[in-house]
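Asks:
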Amino acid sequence: MNSVKEIAKEVKLISGQNVFACYQCGRCSSACPMTEEMDLLPNQIIRLVQMSDDAVLSSVTPWICASCLDCTIRCPRGIDVAKVMEAIRQLSIRRGIEKREELVRNFKEMDISFQLKKEDIEKINFFMDDEKDYSGKIRVKHFLEVLKEYGFNKIRNYVDEQIGIKVAPYYGCTLLRPEEIGIDDSQKPRIMEELLEAIGMDPVSFPMQTVCCGSYNSARGIKAVETLRKKILESAKREGAELIVTSCPLCKYNLKEAMYFTELMEMALGGARHG
Ligand code: SF4
Ligand code: SF4
Ligand code: SF4
1161 MNSVKEIAKE
1171 VKLISGQNVF
1181 ACYQCGRCSS
1191 ACPMTEEMDL
1201 LPNQIIRLVQ
1211 MSDDAVLSSV
1221 TPWICASCLD
1231 CTIRCPRGID
1241 VAKVMEAIRQ
1251 LSIRRGIEKR
1261 EELVRNFKEM
1271 DISFQLKKED
1281 IEKINFFMDD
1291 EKDYSGKIRV
1301 KHFLEVLKEY
1311 GFNKIRNYVD
1321 EQIGIKVAPY
1331 YGCTLLRPEE
1341 IGIDDSQKPR
1351 IMEELLEAIG
1361 MDPVSFPMQT
1371 VCCGSYNSAR
1381 GIKAVETLRK
1391 KILESAKREG
1401 AELIVTSCPL
1411 CKYNLKEAMY
1421 FTELMEMALG
1431 GARHG
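If you count by our numbering, then the sequence shown holds residues 1161 to 1435, one letter each, in order.
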């Protein structure tokens, strides 16, 4: 029982999260896009951790979690559920319970590929030696932020003609979560709508525009990713969208029918004519 008790303690140590603040409202589970493939819902996982029940270490749920943070931003108790999932994964590896083989194999493969590309690594290290030390003072901006700062109104002046296509902006995760680095309101973002208006498109917001597409799991052939993809596209089409646009290359790859926002800008601004 003692070692079992350690589960709650260790999860707290690894994740920094106080799972005892959870009052089982279930909002994390209703927000989670991956529940179809999970054996336990996110709120049930939290409950098992509260009880230090070692069944949590054998659950498939933490491995299906796409780390999209949808649960995290919705938890009224401020629990970072995604961090708890990560802690459980780490704990189950440490205890040799789940997926150890798969992970060890992956690390081995990484190691082999690094060995095969030894000369590349030497080149990188040589290059890095010439660089100034990174002082940590660079502010990283998304290109959408740069455009907003430049002024969407100014961009409007370069538009050849109002194309007027109904375009649904899909935000997914990367622009909005974690909230500390998100570039817009995590639940009601507007930045892509503003850009679309500026370039003469007709933006169409839709209910699933901030739901994770689960692409993290697509390489593993998880069925839920395909279901999610269809749901996102249908949600946009139901609102009358003729096109879906994204700012994340992986979302674009995963959704298949989406365009990248800069492709739309090229359409609207006349491509090379304006440089
Ligand atoms: S949203 Fe937060 S409080 Fe609600 S069940 Fe999930 S972890 Fe618990
Ligand atoms: S991070 Fe995303 S996939 Fe993972 S439990 Fe939370 S909502 Fe579900
Ligand atoms: S591809 Fe985009 S929406 Fe999908 S999981 Fe990654 S960031 Fe999230």
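In this text, a Cβ means the ideal position worked out from N, Cα and C, and glycines have one as well.
Based on the DSSP output, what are the partners of Leu1403 in its beta bridges?
Replies: Val1327.
Asks: Thinking C-alpha only, which one of Lys1412, Glu1423 and Ile1341 is nearest Tyr1330?
Replies: Per the Cα distances, Lys1412.
Asks: Within its chain, find whatever has a CB closer than 6 Å to the CB of Phe1366; leave out the 5 residues flanking it on each side and keep chain order.
Replies: Once the five neighbours on either side are set aside, the close Cβ partners of Phe1366 are Ala1328, Ser1395, Ala1396 and Glu1399.
Asks: Please report how far the alpha carbon of Met1161 lies from the alpha carbon of Leu1356, in whole angstroms.
Replies: Because the pLDDT of Met1161 is 42, which lies under 50, any placement of that residue in the model is unreliable, and the number read from its coordinates should be weighed accordingly. Whole-angstrom Cα-Cα distance: 58 Å.
Asks: Leu1304 to Leu1336, Cα distance in whole Å?
Replies: When rounded, the distance between both Cα atoms is 12 Å.
Asks: Which whole-angstrom value is the C-beta distance of Val1241 and Val1209, which I expect to be below 8 Å?
Replies: In fact, because the Cβ distance is near 10 Å, the residues do not count as touching under 8 Å.
Asks: In this structure, does DSSP put Pro1338 in helix, strand or coil?
Replies: The answer is coil: DSSP assigns Pro1338 none of H, G, I, E or B.
Asks: Between the alpha carbons of Gln1177 and Cys1372, how many angstroms are there, rounded?
Replies: Their backbone Cα atoms lie some 22 Å apart in a straight line.
Asks: Please confirm whether Ala1226 and Met1194 have their CB atoms less than 9 Å apart.
Replies: Yes.
Asks: Roughly how many angstroms lie between the CA atoms of Glu1354 and Ala1401, to the nearest whole one?
Replies: Their backbone Cα atoms lie some 16 Å apart in a straight line.
Asks: Relative to the C-alpha of Gln1322, which residue among Phe1312, Val1244, Ile1359 and Gly1332 is closest?
Replies: Comparing Cα positions, the closest option is Ile1359.
Asks: Report the rounded CA-to-CA distance for Lys1301 versus Glu1246, giving the unit in angstroms.
Replies: Those two C-alpha atoms are separated by around 27 Å.
Asks: So who's on the other strand from Ala1418, going by DSSP bridges?
Replies: Note: Ala1418 sits in a beta bridge opposite Ile1404.
Asks: Can you list the alpha helix (DSSP H) stretches of 4 or more residues lying completely in the stretch 1183 to 1253, in chain order?
Replies: Entirely contained in the stretch 1183 to 1253, the alpha helix (DSSP H) runs reaching 4 residues are, in chain order, 1187 to 1191, 1202 to 1210, 1221 to 1224 and 1230 to 1234.
Asks: Using a Cβ-based criterion (distance less than 8 Å to any ligand heavy atom), does Cys1231 qualify as near ligand 1?
Replies: Yes.
Asks: For Ala1418, which residues in the same chain have their Cβ closer than 7 Å to its Cβ, ignoring the five residues on either side in sequence?
Replies: The residues are Tyr1330, Ile1404, Val1405, Thr1406, Cys1411 and Lys1412.
Asks: How many whole angstroms separate the CB atoms of Met1368 and Ile1325, which I take to be in contact at a CB cut-off of 8 Å?
Replies: Incorrect: roughly 20 Å between the Cβ atoms, too far for contact.
Asks: Between which two residues does the alpha helix (DSSP H) carrying Lys1383 extend?
Replies: Lys1383 to Arg1398 is the extent of the alpha helix (DSSP H) around Lys1383.
Asks: Would you call the CB atoms of Pro1222 and Ile1239 closer than 9 Å?
Replies: No, these two residues do not count as a Cβ contact at 9 Å.
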